[in-house]
Every structure is written in structure tokens, then in C-alpha cells.
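Trainee:
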Amino acid sequence: MRIAIGGIEHETNTYARGLTPLADFAVRRGEQLLRTAGQESDLGGAVDACLALGIEAVPLLHAWAQPSGTVQREAYDALADEFIDRLLDAGTVDGLVLLLHGAGVVDGIPDLEADFVARIRRAVGDDLPVVATFDLHGNVTQRLADMLQGMFACHHYPHVDMHERSCEAVNLIVDMCERNRKSRCDVVNVPMLIPTTTTFGGPGAEMLEKVLAAESDADVVDVSWFHGFPYTDVPHVGSMIAVTSFDDGGALLAARVADELWASRDSFHPESLSAEQAVQRAQSLKRDGTDGPVVINETSDNCGGGSPGDGTHLLRAMLDADLGERAVFGFIVDADTVARSIAAGVGASLDVSLGGRTDDLHGEPIHARAEVRSISDGKLVMTHMFRGTPLHLGPMVRLDIGGMQVIVASRRSQTFDAEPFLAVGVDVRRYDFVALKSSNHFRAGFADIAGAIVTADTPGLCTLQVRVFDRQSTARRLWPAHADARFG
Ligand SMILES: [Zn+2]
1 MRIAIGGIEH
11 ETNTYARGLT
21 PLADFAVRRG
31 EQLLRTAGQE
41 SDLGGAVDAC
51 LALGIEAVPL
61 LHAWAQPSGT
71 VQREAYDALA
81 DEFIDRLLDA
91 GTVDGLVLLL
101 HGAGVVDGIP
111 DLEADFVARI
121 RRAVGDDLPV
131 VATFDLHGNV
141 TQRLADMLQG
151 MFACHHYPHV
161 DMHERSCEAV
171 NLIVDMCERN
181 RKSRCDVVNV
191 PMLIPTTTTF
201 GGPGAEMLEK
211 VLAAESDADV
221 VDVSWFHGFP
231 YTDVPHVGSM
241 IAVTSFDDGG
251 ALLAARVADE
261 LWASRDSFHP
271 ESLSAEQAVQ
281 RAQSLKRDGT
291 DGPVVINETS
301 DNCGGGSPGD
311 GTHLLRAMLD
321 ADLGERAVFG
331 FIVDADTVAR
341 SIAAGVGASL
351 DVSLGGRTDD
361 LHGEPIHARA
371 EVRSISDGKL
381 VMTHMFRGTP
391 LHLGPMVRLD
401 IGGMQVIVAS
411 RRSQTFDAEP
421 FLAVGVDVRR
431 YDFVALKSSN
441 HFRAGFADIA
451 GAIVTADTPG
461 LCTLQVRVFD
471 RQSTARRLWP
481 AHADARFG
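The sequence shown begins at 1 in my numbering and counts up one residue at a time.
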């Protein structure tokens with residue numbers, strides 16, 4: 001048996017400035033895909049599943065870019081064309097596992113994934129089994145579902161189960177081939193804008209439990225809950241339930257679970273703390289005897305949702321609170337400050353204008369005197385979510401500003417685990433306050449470290465206040481932006 005593997009993945013924040021060019025994509029071709037074996041990623045999972053089952057994996061092309069603005073049309077066309085050329089050149093395959101995100105938007109194409117699969121279908125016809133994996137932050141449509149035999153979104157946020165979901169996708173193709181049958185997909189879109197919500201507790205965990213319970217029917221292959229991606233202006237934005245099944249009951253089941261999601265909507269109202277409120281909360285938690293560091297996550301400037309990562313709101317509030325040697329901030333993105341600091345050298349002091357370079361929303365640059373404490377090449381390997389996967393942050397420095405340790409990286413990324421701190425010589429366990437930019441993925445890496453977690457929702461492109469975004473692409477009434485939103 002031969003199963004083709006590949007995909008184009010992008011989480012598009014249409015509110016982010018500028019278009020995403022081809023140069024921003026990390027593209028793996030052919031054999032390069034197979035080198036992800038053993039990595040806790042969607043691609044690694046598909047490769048590992050084929051290895052485990054003795055199936056020939058036929059690697060095509062895999063493209064991924066850091067979440068950012070709308071994808072340039074020429075970039076997408078080039079990637080999609082090359083993908084299809086490689087698929088057509090691959091000879092006979094028994095199925096295709098597509099690694100997708102679900103929230104891709106191309107200039108002039110509001111649904112990247114549906115357009116991509118439509119191009120594939122035009123090239124290879126309707127008979128080839130095609131099963132796709134997704135990030136649960138996808139905004140997926142029935143148009144897409146109609147072209148697929150299986151849809152597997154990760155269940156968890158942090159996305160710790162992408163590897164496992166890709167294995168399920170490979171297994172479904174094997175099942176379809178061996179038993180000569182075909183599954184189908186049904187999607188129900190619920191008009192809800194869900195702010196970034198973890199499944200490691202609270203309402204996210206409660207809803208996930210209902211979703212997993214719905215998978216018990218013998219003919220049901222999978223029930224996926226797409227939280228959706230609210231930071232994008234497309235007609236089909238929302239939250240979705242997708243059912244993969246071997247009978248006609250999938251649509252009914254999806255509708256039933258969607259009803260449960262809608263009924264639980266009021267539990268998804270998040271608490272939104274300003275930077276100052278978050279710092280005060282962290283200080284009072286520490287005063288009350290919290291054991292271990294209080295982690296403050298600046299959810300609203302999460303590169304993993306398309307924001308710039310150079311926002312200064314939380315860092316400024318921490319400096320103003322004079323937390324000094326008790327605090328570390330890891331990290332803010334500012335390649336220019338990194339370059340100047342490296343030129344000055346370890347032990348040197350310099351005046352910096354730190355962060356706040358991308359736009360006004362995420363805050364003004366911080367002007368301060370800083371001492372360069374250490375330098376790193378920023379070449380890391382992730383330890384929790386995406387375990388074993390390389391993460392290249394570009395050159396990094398640790399600055400001392402008023403006693404507080406401030407880590408600066410050259411390339412955009414959210415903070416997933418403690419590795420960016422270790423790279424510049426910081427053991428986070430020795431600090432009372434550890435600040436970082438991430439919405440929920442960091443929870444996998446800091447579960448055993450944090451004494452408490454406080455979320456700061458400063459002005460930013462990934463704010464929990466999803467109602468503030470202007471929506472030109474849809475006239476639909478969407479909870480919680482519209483109190484009169486209706487479903488069913
Ligand atoms: Zn996601």
C-alpha cells in the first residue's frame with residue numbers, strides 16, 4: 001500500500017498587516033518530509049504511522065508559515081501547483097493524507113483549504129480516498145467536507161495530540177482500502193466566536209468531554225470540535241462540529257453536538273485583565289504564598305495567532321511595577337535590538353528602543369538602559385508540545401533592565417516551553433514572575449513549573465475580546481458580538 005503525504009498549512013489573521021509571501025513558508029519537499037519521523041507533529045505522525053504499519057509513505061510537499069496576514073496569491077498558487085505536480089508524478093497511490101490548518105486565507109480566496117482540495121480533486125478525480133488533519137482553530141466548511149473522506153482536528157489546546165490524529169488519518173485510509181468502503185464528512189457551523197480557550201480545564205475541557213462521548217457509535221469514525229479562528233474576516237467564521245462516519249447519521253450527530261456547544265456558549269465569556277491588573281494579580285498571588293513562579297501570559301500578542309510579538313504593554317507594566325530581579329520576560333521579538341546588543345557584546349551597556357516597531361496597537365517602544373547578559377544562536381528543540389521539533393528563533397540576547405531579565409529574539413514565535421529561557425541561561429524556577437507571549441500552548445510546557453497562571457489581555461491582535469473586530473465579509477449574527485445571534 002502507498003499513501004501520499006503533504007499539505008499547505010497557514011493560520012491567517014486577516015487583521016494582521018501585510019500579505020504573507022512565499023519566503024515566509026518553510027517548505028519541505030520529497031524525502032525531507034520523512035525526516036520528521038519521531039517528531040510530535042502532524043507530519044511526524046503521518047510518517048510514523050506509515051512506518052509502523054509497513055506502508056510506503058509517498059512524500060510530496062509540506063509548507064508551513066508562522067501565523068500572519070493573508071497569504072499572497074502567487075505564493076499559494078506556486079505551492080498548490082507544485083503539490084499537484086508531485087502528486088501526479090507519484091504514480092498510483094491508495095490514498096492521500098493532507099496536513100492542513102483550516103484557517104488559511106489567500107488574497108482573493110477566503111477558504112484556502114476548500115480551494116486546495118478542489119484543485120486536487122480536479123487533478124486526480126473523486127475516487128482517491130483523501131483524509132485531512134487540522135488544527136482545531138480551523139474555520140471549515142461543508143464544501144470542503146464534501147471533498148474529503150475524513151476530517152481529524154486535534155482535540156486538545158495546547159495541541160498535544162496532532163501526532164496521534166495523523167495516525168488516525170492513516171488508519172482510516174487503510175480501513176477504507178482493506179474493507180472496500182468509504183466514509184464521509186458532515187460539518188455544522190455554529191455562529192459563535194470563541195476566544196482562545198484551553199481544553200486543559202474549564203469550559204473547553206467540559207465541551208471536549210461531550211465531543212468525545214459522541215464518538216461512541218460504531219459507525220462514527222471521529223467527532224472533531226473546531227473552536228474556529230475568530231481573528232479572521234471570512235464568511236464562514238464560527239465554531240464547527242465535524243463528524244466522519246460510515247453511515248448517513250453523521251449530519252444528525254453533528255447537529256446534536258452543535259446544539260450542545262451552542263447551549264454552553266455563556267461559559268466561554270473570558271476574564272480580560274489589563275497588563276496592570278495582571279501584574280497586580282500576580283503580585284497578590286505571590287504575597288498569598290503561591291509556591292513556584294507565577295506565569296503571566298500575554299495572550300493578546302501571541303505570534304501563534306498572527307500578532308507581531310513585539311508588543312510592549314505587559315513588559316512596560318512589569319518594569320513600572322519595579323519587579324526587578326524577581327522577574328524574567330521571555331520573550332519579545334526585536335531583531336534590531338538583538339543585532340545592536342550582540343555588536344555591543346556581553347557585559348556592555350547600551351540605550352535600547354525595544355519593541356513596538358510593527359504598529360501602534362501593541363504599544364510604543366520601550367526606551368531604557370540595558371546591560372547585555374548573554375547571547376544565544378536561538379536554535380532550539382521543543383520539549384513538550386511539538387516535542388522533538390526544531391524551533392529557530394534567530395539570534396537571541398538576554399538584557400538586564402533595572403534588574404529584570406528581558407529576553408529578546410530575532411524571529412517571531414510564541415513561547416511553548418522553557419527552552420527559550422534556558423538558551424540564555426535562565427532557570428525559570430528561580431523567579432517569582434515569568435512573563436511570556438502565548439495564549440495556551442505554553443500550558444503544556446509550564447504545567448509542572450507554574451505555581452499559578454495569570455492571563456494578561458492587553459490591546460493586541462489576539463485579544464480575548466473577539467467582539468471588537470470589524471467583520472466586512474459576513475452579515476451573519478455571531479455570538480458574542482451580537483446579542484441576537486440565533487442557532488438552530
Ligand atoms: Zn491552533
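Cβ coordinates follow ideal geometry from the N, Cα and C atoms, glycine included.
Specify which residues have a beta carbon nearer than 5 Å to any heavy atom of ligand 1, listing them in chain order.
Mentor: Asp135 and His137
Trainee: Considering Phe446, what are the terminal residues of the alpha helix (DSSP H) in which it resides?
Mentor: Phe442 to Phe446
Trainee: Whole-angstrom Cβ separation of Gly451 and Asp291, contact assumed at under 8 Å?
Mentor: 5 Å
Trainee: Unbroken beta strand (DSSP E) runs of length 3 or more, entirely within the stretch 167 to 192: which are they?
Mentor: 184 to 190
Trainee: Which residue's Cα is closest to the Cα of Ala483: Pro420, Arg467 and Thr474?
Mentor: Arg467
Trainee: Whose C-beta lies closer than 8 Å to the C-beta of Leu22 among residues of the same chain, with five residues either side of it excluded?
Mentor: Result list for Leu22: Gln72, Glu74, Ala75, Ala78 and Leu79, in chain order.
Trainee: Does Met404 come out as helix, strand or coil in the three-state DSSP assignment?
Mentor: strand
Trainee: Among Ser264, Leu314, Gln465 and Gly378, which one has its Cα closest to the Cα of Val338?
Mentor: For Val338, the closest alpha carbon among the candidates Ser264, Leu314, Gln465 and Gly378 is that of Gly378.
Trainee: Along the chain, where does the beta strand (DSSP E) containing Glu367 start, and where does it finish?
Mentor: First, the amino acid is wrong: residue 367 is His here, not Glu. Residues Ile366 to Ser376.
Trainee: Using CA atoms only, rank isn't needed, just tell me which of Arg265, Gln283, Pro195 and Pro129 is closest to Arg179.
Mentor: Pro129
Trainee: How close, in whole Å, do the beta carbons of Val106 and Met147 come, if the pair is a contact with beta carbons under 8 Å?
Mentor: About 17 Å; that fails the 8 Å criterion.
Trainee: So, at 6 Å on beta carbons, what are the nonlocal neighbours of Trp262 in its own chain, with the 5 sequence-adjacent residues on each side left out?
Mentor: Val190 and Phe487
Trainee: Given 8 Å as the limit, is there contact between the stretch 231 to 238 and the stretch 166 to 177, that is, 3 or more CB pairs closer than that?
Mentor: no
Trainee: Is Asp288 helix, strand or coil by DSSP?
Mentor: coil
Trainee: Can you round the beta-carbon distance between His384 and Phe421 to whole angstroms, since I take them to be within the 8 Å contact cut?
Mentor: Not quite, the Cβ-Cβ distance comes to about 13 Å (not below 8 Å), so this is no contact.
Trainee: Is Ala435 closer than 7 Å to Ser376 when the C-beta atoms are compared?
Mentor: no
Trainee: So, Ala114 versus Gly138, is the Cβ gap smaller than 7 Å?
Mentor: no
Trainee: Taking DSSP as the reference, what is the three-state secondary structure of Val140?
Mentor: coil
Trainee: Comparing alpha-carbon positions, which option in Pro270, Leu323 and Leu380 lies nearest Gln283?
Mentor: Leu323
Trainee: Tell me, please, whether the stretch 268 to 277 touches the stretch 393 to 409 by the rule of three or more beta-carbon pairs shorter than 8 Å.
Mentor: no
Trainee: Do Glu325 and Ser349 have their CB atoms nearer than 7 Å?
Mentor: no
Trainee: Could you tell me how far apart the beta carbons of Pro203 and His441 are, in whole angstroms, since I believe they sit closer than 8 Å?
Mentor: By a beta-carbon distance limit of 8 Å, Pro203 does not contact His441. Their separation comes to about 18 Å.
Trainee: Just reading off the beta strand (DSSP E) that Val93 is part of, what are its end residues?
Mentor: That residue, Val93, is in no beta strand (DSSP E); it is neither H nor E in DSSP.
Trainee: Leaving aside the five residues before and after Thr36 along the sequence, list all residues of the same chain whose C-beta is less than 7 Å from its C-beta, in chain order.
Mentor: Leu43, Gly44 and Val47
Trainee: Rounded to the nearest angstrom, what separates Glu419 and Pro390 at their Cα positions?
Mentor: 11 Å
Trainee: Under the three-state reduction of DSSP, which class applies to Glu489: helix, strand or coil?
Mentor: Residue 489 lies beyond the stretch modelled for the chain, which goes from 1 to 488, so this question has no answer here.
Trainee: List the endpoints of the continuous alpha helix (DSSP H) containing Trp64.
Mentor: Unbroken run through Trp64 is the beta strand (DSSP E), Glu56 to Ala65; no alpha helix (DSSP H).
Trainee: For Ile449, which three-state DSSP category applies?
Mentor: coil
Trainee: Would you tell me roughly how many angstroms separate the C-alpha atoms of Phe433 and Val279, rounded to the nearest one?
Mentor: 9 Å
Trainee: Just the Cα atoms here: how many angstroms apart are Leu314 and Leu172?
Mentor: Rounded to the nearest angstrom, the two C-alpha atoms are 45 Å apart.
Trainee: Could you name the residues that DSSP lists as bridge partners for Gly330?
Mentor: For Gly330, which the question treats as bridged, DSSP gives the partners Ile407.
Trainee: Would you call Glu209 buried or exposed, if buried means 16 or more other Cβ atoms sit within 10 Å of its Cβ?
Mentor: exposed
Trainee: Less than 7 Å between the C-beta atoms of Glu11 and Pro59, yes or no?
Mentor: In this structure, the beta-carbon distance from Glu11 to Pro59 does not fall below 7 Å.
Trainee: If you check the beta carbons only, do Arg373 and Asp336 fall under 7 Å apart?
Mentor: no
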